[in-house]
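The block underneath contains the structure these notes are about, expressed in structure tokens.
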Amino acid sequence: MAVAQKRKRKVNKGKKRAAEEFIIEEPVIEHVDANEDNAQDHITPASKGTTATHFIKFMNDLLDIMGLDENVEGRYLVMDNCTIHKSKPMIRKIESRGYRMMFFFPYSPELNPIEQF
């Protein structure tokens, strides 16, 4: 069973713009084990989506798997312009493993296959 609550968070829109902050109400899903007698006492928050840490772990695992196949070395990894994709440590790690980076234009849904569905 999941219990939904709303939590407010501040968002800064763009680094180059003035620091405009506004509040977005974001639902927080909490997981409850329905088999426990005191289920309300054991509520734990669910994780909040993808973070830079998740992406770095994913890329490390992916690069290890790709490293097993010599035919993919030197190929391009194509990504969108998400901030966690463009971090300097991530780019250095990918390039040090023998791959190249290519990013989509800032907004280009026609180039991103997932946007065609």
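The sequence shown begins at 1 in UniProt numbering and counts up one residue at a time.
Glycine included, C-beta positions come from ideal geometry on N, C-alpha and C.
**Request:** Let me know the alpha helix (DSSP H) ranges lying completely inside the UniProt domain "Tc1-like transposase DDE" (34 to 116), each 4 residues or longer, listed in chain order.
**Result:** 52 to 66 and 88 to 96
**Request:** May I have the straight-line CA-CA distance separating P110 from D64, to the nearest angstrom?
**Result:** What sits at residue 110 in the sequence shown is Glu, not Pro. Each residue's alpha carbon lies about 30 Å from the other.
**Request:** Would you kindly check if the distance between the Cβ of M102 and the Cβ of Y76 is under 8 Å?
**Result:** yes
**Item:** Proximal residues to G67 (C-beta, below 7 Å), its chain only, five neighbours per side dropped
**Value:** R97
**Request:** Could you tell me whether the Cβ atoms of N112 and F105 are closer together than 8 Å?
**Result:** no
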